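Have a look at the structure below before the remarks.
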Amino acid sequence: MMVRGIVVALLCLLAMPSAAQYNIRKMMEEGRRTLDQGYYVTSMQLFSRIVALKPNLYEAWYLMALAKYHLEDYKGADGDCRRALALQPYIAEIYDLYGMVSIREGHYDSAVVAYTHALDICSDNRDYWFNRAYSLYQAGDRQAALRQLDYILRRWRSFDTAALLRADILAGRRPRPQPVRPGGPPLPALPGLQTEGDGGSVLMKNRPLVRLPVRR
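Residues -20 to -1, 1 to 196 (mature numbering (1 follows the signal peptide of the UniProt record, and there is no 0)) make up the sequence shown, in order.
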């Protein structure tokens, strides 16, 4: 009888990790669903529970940052993006979100660095090029922004938003077009959910993200 009890206890212990992993997967699915439907507070709460249980799951940090971005909690989204990038620095969508958060916070130099990293990973993304050009101009590097926009318009001739931004810069106006927002539906499918240009500007030099200014 005692032996049988020991065997049952051991089987329960062996089953616990897989049960916990299943619960995290279910919570991830629910978090993504509520985020996609616009229930940002609920989604944020779910991802907060997930990172408390599994702090090394970078996708949960990223999606929680996206929920906070939609709630205009840019400081919270900033910290969550940094956690996601510390865990997984090779996914362009995370840099995209971090770049947009930096723009909303007015940290345009950080946005330039974030979009430079994103373009290192995904050089064919037109929106990343545009958002970096926008950030360069807002950071005070007018000439680098114009060089970026000239490149964009040579590569994507019908990109009217880039042409409008270029015209605003040449006229010395405040930019009318705004950066392209991240995280529109459908949500980007990031890999790894197994529960586990132009060198004319100092701002555009690739620097590790860990060297970005510390937020106060």
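A virtual CB, placed ideally from N, CA and C, is assigned to each residue, including glycine.
Nothing here was measured: the structure is a model prediction, and the numbers come from that model.
Excluding the 5 residues flanking Arg84 on each side, which residues of the same chain have their C-beta closer than 6 Å to its C-beta? Tyr54
Return the chain-ordered ranges of every alpha helix (DSSP H) run that is complete within the stretch 17 to 88 and spans a minimum of 4 residues. 20 to 33, 38 to 50, 54 to 67 and 72 to 85
Pull up the CB-CB distance for Ala94 and Ser82, whole angstroms please, since I reckon it's below 8 Å. 6 Å
Per DSSP, what kind of secondary structure is Asn105 in: helix, strand or coil? coil
How far does the alpha helix (DSSP H) with Arg127 in it reach, from first residue to last? Arg122 to Arg135
What would DSSP say about Gly11, mapped onto helix, strand or coil? helix
Looking at C-alpha atoms only, which residue of Asp107, Ala98 and Asp140 is the closest neighbour of Ile71? Ala98
Expressed to the nearest angstrom, what Euclidean distance is found between the alpha-carbon atoms of Gly56 and Asp121? 28 Å
Leu37 and Met7: beta carbons closer than 8 Å? no
Counting along the chain, where does the alpha helix (DSSP H) carrying Ala151 start and finish? Asp140 to Ala151
According to the neighbour-count rule (16 or more other Cβ atoms, all chains shown, within 10 Å of its Cβ), is Asn3 buried or exposed? exposed
Taking all protein chains shown into account, do 16 or more other C-beta atoms lie within 10 angstroms of the C-beta of Ile74, making it buried, or fewer, making it exposed? buried
Measuring straight from C-alpha to C-alpha, what distance separates Trp136 and Leu126? 15 Å
DSSP on Val93, reduced to helix/strand/coil? helix
Where does Gln118 fall in DSSP's three states? helix
C-beta atoms of Leu133 and Ala142 nearer than 8 Å: yes
Do the CB positions of Ala113 and Leu145 come within less than 8 Å of each other? yes
Please report the straight-line C-alpha distance between Leu15 and Gln128, rounded to a whole angstrom. 33 Å
What do you get for Trp41, buried or exposed, if any count of 16 or more other CB atoms within 10 angstroms of its CB means buried? buried
Count the other C-beta atoms from every protein chain shown that fall within 10 angstroms of the C-beta of Leu33, then say buried if there are 16 or more, exposed otherwise. exposed
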